[in-house]
Amino acid sequence: MKRYSPYIEFDRKEWASLKDHDTPLSLTEVELEKLRGLNEKVSLQEVEEVYLPLTHLIHLYVGASQQLHQLTTSFLQKKARKTPYIIGIAGSVAVGKSTTARLIQALLTRWDTHRKVDLVTTDGFLYPNAVLEKNGIMNRKGFPESYDIKRLIQFIGEVKSGKPKVKAPKYSHLTYDILPDEESVIDHPDILIVEGINVLQVKKDSPLFVSDFFDFSIFIDAEEKNIARWYVERFQLLRQTAFQNPDSYFHSRFADLSEEEATVVAHHTWESINAKNLHENILPTKGRAQLILKKEANHTIQNIYLRKL
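Going by our numbering, the letters in the sequence shown line up with residues 98 to 406, in that order.
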């Protein structure tokens, strides 16, 4: 008996054939280079074959959502209030979430009906390092308990309700901490993309989840051995670049490591922290996503899974 799946599976060729030929790729190689992550290898061909069909699908969903909203407010005999379409993007550390989020943001702004597409990451909702250290969970950074989930839910709820100028805290990967005097302001976007490892997680003791506010959700997937390798490769690149900055939190810790020493540290960090978080908190949320993008060992997306309606 064939096992039931809630998803329709597409290989890359099948998915690419769904592209709207009236929507040509307008992204240039120069623009793509600015959107790529540190060790991401996404090409213009992949953007055209994977991300262009995806953003066209989201564009259709946004239009349908706007129509449904107008019909509902008409039925309730209330004045329609603009509410943004919210997209959640989840997946492991080092799997390429940020690149995917930036690409989707860039492509969605090409449509006249939703020019204003904002992006926030859940890094800004981590507790400050001082709080993590006080609570003895600095080594659990990235785990659910290290985030101010109540503040994150309040933020998304206010944006979804149409509140103007909603503020979100900012996070610095250089200082590895919340920036105390800086905030992002989200002001009536047409679409808001929320990216982070924890956006699809649920808590038994909570009546409300971050994903309750999502209109569409994406999970970036890959084999664990590949993600682990990408994590180590990224760590090595950071050791040669960002960690060399004296202002970097990791400068005194990792900048002077040899390549062999850095590899050992990166593997240990992956096994003791990131792999554990992946299995306990991130992978279990994959089945809650409406779309899964599956990456192969060379970073390319070869399979797409779309949840059946």
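Glycine residues also receive a C-beta, built at the ideal position from the N, C-alpha and C atoms.
Backbone secondary structure at residue i - three-state DSSP
{"i": "M98", "result": "Caution applies to M98, whose pLDDT of 45 falls short of 50 and renders its modelled position unreliable; the value that the coordinates give is listed next. Three-state result, M98: coil."}
{"i": "Y182", "result": "strand"}
{"i": "V214", "result": "strand"}
{"i": "S162", "result": "helix"}
{"i": "D318", "result": "strand"}
{"i": "A187", "result": "strand"}
{"i": "S114", "result": "coil"}
{"i": "W367", "result": "helix"}
{"i": "P103", "result": "coil"}
{"i": "S195", "result": "helix"}
{"i": "P381", "result": "helix"}
{"i": "K89", "result": "Any property of residue 89 remains undetermined from this structure, which presents the chain solely from 98 to 406."}
{"i": "T170", "result": "helix"}
{"i": "K405", "result": "coil"}
{"i": "E137", "result": "coil"}
Residues that DSSP places opposite residue i in a beta bridge
{"i": "N400", "result": "D108 and K391"}
{"i": "V147", "result": "Paired residue(s): none; V147 is not in a bridge."}
{"i": "G221", "result": "DSSP lists no partner for G221."}
{"i": "F313", "result": "I184"}
Status (buried if at least 16 other CB within 10 Å, exposed otherwise) for residue i
{"i": "V139", "result": "buried"}
{"i": "P181", "result": "buried"}
{"i": "D278", "result": "exposed"}
{"i": "T272", "result": "exposed"}
{"i": "Q174", "result": "exposed"}
{"i": "Q167", "result": "exposed"}
{"i": "M98", "result": "Unreliable placement is indicated for M98, whose pLDDT of 45 sits below 50; the coordinate value is still reported in the next sentence. Its Cβ having fewer than 16 others within 10 Å, M98 is exposed."}
{"i": "I389", "result": "buried"}
{"i": "L223", "result": "buried"}
{"i": "N236", "result": "exposed"}
{"i": "T196", "result": "buried"}
{"i": "T218", "result": "buried"}
{"i": "D117", "result": "exposed"}
{"i": "T382", "result": "buried"}
{"i": "D220", "result": "buried"}
Option in the options with minimal Cα separation from residue i
{"i": "E145", "options": "Y104, L388 and E126", "result": "E126"}
{"i": "A319", "options": "G193, E255, I155 and F252", "result": "G193"}
{"i": "T152", "options": "V291, K131 and A203", "result": "A203"}
{"i": "D119", "options": "I317, K373 and L149", "result": "L149"}
{"i": "V214", "options": "D302, H156 and L141", "result": "H156"}
{"i": "V263", "options": "Y244, H285, F340 and F222", "result": "H285"}
{"i": "I184", "options": "L135, D312, N236 and G254", "result": "D312"}
{"i": "L354", "options": "L335, P381, K110 and A191", "result": "L335"}
{"i": "A227", "options": "E242, S269 and I275", "result": "I275"}
{"i": "I384", "options": "S369, I398, T366 and R404", "result": "In the sequence as displayed, the identity of residue 384 is Gly instead of Ile. It is R404 whose Cα lies nearest to the Cα of G384."}
{"i": "E255", "options": "E321, P241 and F310", "result": "F310"}
{"i": "V159", "options": "L216, A198 and L205", "result": "L205"}
Review point. In chain order, which continuous runs of the beta strand (DSSP E) of length 3 or greater are located wholly inside the region 224 to 309?
Key: The region 224 to 309 contains these whole beta strand (DSSP E) runs: 263 to 269, 274 to 283 and 288 to 292.
Point to revise | alpha helix (DSSP H) runs wholly inside the region 324 to 356, at least 4 long, in chain order | key: Listed in chain order, the complete alpha helix (DSSP H) runs (minimum 4 residues) inside the region 324 to 356 are 348 to 351.
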